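Set out below in structure tokens:
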């Protein structure tokens, strides 16, 4: 059973556009929702994270929107740049961190 | 400061052989996680340790897989015997504190079993 469902699997966005990646979960015990960014040949690295008592968190061009009642959260990348091309993973924590399957994002120059 | 260090970075082996992957944690971190990454299944948690003690190994695929943490800074993941379906990138990650916050990943070990 997949605990964290992520979509889309892949995404192509024009430079300057908004990239949106969505995740959903079922386990109400999750209390921390990070997003990780992975470049080819590298390990994932923490990008931004949110706790469920907050509906939105913004860091630069990256924003997490969190809907506790719907058990959904999303990552928005504003003014997407070619350097943002990477795989993005949403994740959730109870006593361990469970990852979604990832979204391969490609930003067209 | 050195990050999480994994070795080998690449391993090609034949079916039936034993494979040992190694991981050195960031100094001061007390939790260690082994993940496996494939295109089909994404990042799967195999096992994690807290203060050298295995806490949850429910993600370990089968008895062919075993993991140890002989001291606070080092862990191994062993596959014996290896099979082609074990081909994947294996990551270890470390964190500090009781419950995992930010995970710091190594660069991974890419395993190919022929």
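Chains as they are written, first to last, in the working numbering: chain V, 1 to 109; chain D, 1 to 114. Yeah, the Cβ is synthetic: ideal placement off N, Cα and C, and Gly gets one too. It should be emphasised that the depicted structure is a prediction, and the values quoted were computed from it without experimental measurement.
How would you list, in chain order, the residues of chain D whose beta-carbon sits under 7 Å from the beta-carbon of residue i?
i, result
"residue 51 of chain V", "Per Cβ cutoff of 7 Å: no residues; residue 51 of chain V is ~11 Å from chain D at best."
"residue 100 of chain V", "42"
So residue i contacts chain D; which residues on that side make the cut at Cβ distance below 8 Å?
i, result
"residue 92 of chain V", "Result: empty, since nearest Cβ-Cβ is about 11 Å, beyond 8 Å."
"residue 89 of chain V", "42, 43"
Closer than 9 Å by beta-carbon distance: list the chain D residues that pair up with residue i, in chain order.
i, result
"residue 62 of chain V", "Under the 9 Å cutoff, chain D gives no residues; its nearest Cβ is about 15 Å from residue 62 of chain V."
Determine the chain V residues that contact residue i at a beta-carbon separation under 8 Å, and present them in chain order.
i, result
"residue 54 of chain D", "In chain order: nothing, as chain V lies at least about 12 Å away."
"residue 106 of chain D", "43"
Run down chain V in chain order and give the residues with a C-beta less than 9 Å from the C-beta of residue i.
i, result
"residue 22 of chain D", "None at all; the shortest Cβ gap to chain V is about 15 Å."
"residue 100 of chain D", "32, 93, 95, 96, 97"
"residue 32 of chain D", "Chain V residues near residue 32 of chain D: none, gap ~12 Å exceeds 9 Å."
Cβ of residue i less than 7 Å from any chain A Cβ?
i, result
"residue 49 of chain D", "Absence of chain A from the displayed structure is noted, the protein chains being V and D."
Can you check which of these residues, the options, is closest to residue i by C-alpha distance?
i, options, result
"residue 107 of chain V", "V:89, V:78, V:60, V:93", "V:78"
"residue 68 of chain V", "V:54, V:19, V:81, V:18", "V:54"
"residue 56 of chain D", "D:3, D:18, D:47, D:87", "D:47"
"residue 18 of chain D", "D:71, D:78, D:105", "D:78"
"residue 111 of chain D", "D:97, D:21, D:4", "D:21"
"residue 44 of chain D", "D:61, D:50, D:95", "D:61"
"residue 86 of chain D", "D:96, D:5, D:31, D:63", "D:63"
"residue 97 of chain D", "D:30, D:65, D:107", "D:30"
"residue 52 of chain V", "V:104, V:6, V:9, V:93", "V:93"
"residue 53 of chain D", "D:37, D:32, D:65", "D:32"
Using a threshold of 6 Å, is the CB atom of residue i nearer than that to any non-hydrogen atom of the ligand NAD?
i, result
"residue 102 of chain V", "Judged by which ligands are present, the structure shown has none, so any question about the ligand NAD falls away."
Using 10 angstroms around the beta-carbon of residue i, count the other beta-carbons present and answer buried if the total reaches 16, otherwise exposed.
i, result
"residue 89 of chain D", "buried"
"residue 11 of chain D", "buried"
"residue 39 of chain D", "exposed"
"residue 15 of chain V", "exposed"
"residue 50 of chain D", "buried"
"residue 36 of chain D", "buried"
Are residue i and residue j close, meaning C-beta to C-beta below 7 Å?
i, j, result
"residue 101 of chain V", "residue 42 of chain D", "yes"
"residue 57 of chain V", "residue 64 of chain V", "yes"
"residue 102 of chain D", "residue 46 of chain V", "yes"
"residue 109 of chain D", "residue 6 of chain D", "yes"
"residue 113 of chain D", "residue 82 of chain D", "yes"
Interface residues of the segment 67–95 of chain D facing chain V [CB-CB below 8 Å] = Answer in chain order: 91, 93.
Using Cβ-Cβ distances below 9 Å, what residues of the segment 17–45 of chain V are close to chain D?
-> 31, 32, 34, 36, 38, 41, 42, 43, 44, 45
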